[in-house]
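Undergrad: Residue numbers (this note's numbering): -10 to 343.
(1) Thinking C-alpha only, which one of 166, 134, 7 and 191 is nearest residue 89?
(2) Quick check on residue 29: buried or exposed, where buried means 16 or more other Cβ atoms within 10 Å of its Cβ?
(3) Whose C-beta lies closer than 7 Å to the C-beta of residue 243 among residues of the same chain, with five residues either side of it excluded?
(4) Specify the secondary structure class of residue -5 as computed by DSSP and reduced to three states.
(5) Per DSSP, what kind of secondary structure is residue 157 in: helix, strand or coil?
(6) Measuring alpha carbon to alpha carbon, tell me which residue in 86, 211, 256 and 228 is nearest residue 218.
(7) So, is residue 343 buried or exposed, given that buried needs 16 or more other C-beta atoms within 10 angstroms?
(8) How is the alpha helix (DSSP H) around residue 259 delimited, first residue to last?
(9) Let me check one thing: in DSSP terms, what residues is residue 10 bridge-paired to?
(10) For the beta strand (DSSP E) containing residue 66, name the first residue and the last one.
(11) Classify residue 125 as buried or exposed, calling it buried when 16 or more other Cβ atoms lie within 10 Å of its own Cβ.
(12) Identify, in the order they occur along the chain, each residue of the same chain with its Cβ nearer than 6 Å to the Cβ of residue 332, setting aside the five sequence neighbours on each side.
(13) Count the other CB atoms within 10 Å of the CB of residue 69; is the residue buried (16 or more) or exposed (fewer)?
(14) What's the C-alpha gap between residue 286 and residue 13?
(15) Which same chain residues, not among the five before or five after residue 176, have their C-beta less than 8 Å away from its C-beta?
(16) Could you name the residues that DSSP lists as bridge partners for residue 132?
(17) For residue 329, count neighbouring Cβ atoms within 10 angstroms of its own Cβ and tell me buried if that reaches 16, exposed if not.
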């Protein structure tokens, strides 16, 4: 099938938003390209925003992507870029069955690439094993599928609290579910990387289910199993790193991908040399990319308890009305939105408006 100057070959993936094809371009010899086509069922204006966003960000990140472009043909919208040679992380595990040492090494490389991304004031927001490409010959990692990526505000260094669910549900952070009343920043990517690393070493997802709400429940309230439950040969320090990455509160995770990659480098050097990893303090070289004030609510424990007690009674079938009063700006909305998580866990609805 020919589209503009591209000859599309096989389709390699499809989501509700896009379908992705391998292609060749006229005048470019044997070079291979990726052409991403917006699905007709997806809203046209959103399709253009996503594809143009990926174009801009990929050009910022990768010099090779200066040949990438956005175009329209026969009423459809497309994004094209150079094909990065290699296997996705998912394919790499399934076909090459890498050793624990290799898994640690490529976790380190992914951490370094994530540090590069964040260093450009970008967050990915949709990290998964399907959008991490590994080239074993060059020992390189490339992070792709940047359509949901966002630029961090130069002054605040975070995005506004999300009101909609974005990303791939098994890998999203608790704050990305839209049910935590927390801002989304680069530490959301670190949580997603924790889920990816858990699956890489355990062979299963930490919160596996066919029901999206059950997976969200896991992200919000469940602690992942220890990796040694699935494979006793996994070093304990790798498990400690994954547990830290998957902390529910962003303040408890690594504060930078650079600090994470430094710890993974220690692990790789020790394990590849001696076959084991001696305990060491985590995050000793970790520091926040930017100054950030914690978003935790302080000094409202009694009020939160009252709201939760009323909610429990309503959950049991009673009817209640609670009035929260106070001057403008004292934190009434922030207080009430603390009910968001318990409501979600009971399959309830949280409705707000102004």
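Every residue gets a Cβ at the ideal spot worked out from N, C-alpha and C, and that includes glycine.
TA: This is what the structure holds:
(1) Translated into the one-based positions of the chain shown, residue 89 becomes position 100. For the residues 166, 134, 7 and 191, the minimum Cα distance to residue 89 belongs to 191.
(2) One-based indexing of the chain shown puts residue 29 at position 40. Classification for residue 29: exposed.
(3) Against the chain shown, residue 243 aligns to sequence position 254. These residues qualify, in order along the chain: 179, 233, 234, 249, 272 and 275.
(4) Within the chain shown, the letter at position 6 stands for residue -5. Looking at residue -5 - three-state DSSP - the assignment turns out to be strand.
(5) Looking up residue 157 in the chain shown gives position 168. Coil at residue 157, not helix or strand.
(6) Locating residue 218 in the chain shown gives position 229, where the first residue counts as 1. Distance from the Cα of residue 218 is smallest, within the candidate group 86, 211, 256 and 228, for 228.
(7) Position 354 of the chain shown, counting from 1, holds the residue named residue 343. Residue 343 should be labelled exposed.
(8) Walking along the chain shown from the start, residue 259 turns up at place 270. Here the alpha helix (DSSP H) through residue 259 covers 246 to 263.
(9) Locating residue 10 in the chain shown gives position 21, counting from the first residue. DSSP, once it has assigned bridges, lists 0 and 24 as partnering residue 10.
(10) Taking the first residue of the chain shown as 1, we reach residue 66 at position 77. Counting along the chain, the beta strand (DSSP E) containing residue 66 begins and ends at 65 to 71.
(11) By 1-based counting over the chain shown, the position of residue 125 is 136. Residue 125 is exposed by the Cβ-count criterion.
(12) Locating residue 332 in the chain shown gives position 343, counting from the first residue. Excluding residues within five positions, the ones whose Cβ falls inside 6 Å are 339.
(13) Residue 69 sits at position 80 when you count from the first residue of the chain shown. Answer is buried; the Cβ neighbour count reaches 16.
(14) Taking the chain shown and counting its residues from 1, the one referred to as residue 286 is at position 297. Taking the chain shown and counting its residues from 1, the one referred to as residue 13 is at position 24. So the alpha carbons of these two residues sit roughly 54 Å apart.
(15) The residue you call residue 176 lines up with position 187 of the chain shown. Cβ neighbours of residue 176 beyond the five flanking positions: 162, 239, 242, 243 and 244.
(16) Locating residue 132 in the chain shown gives position 143, where the first residue counts as 1. According to DSSP, residue 132 bridges with 121.
(17) Start at 1 with the first residue of the chain shown, and residue 329 comes out as number 340. Classification of residue 329: buried, given that the 10 Å Cβ count is 16 or more.
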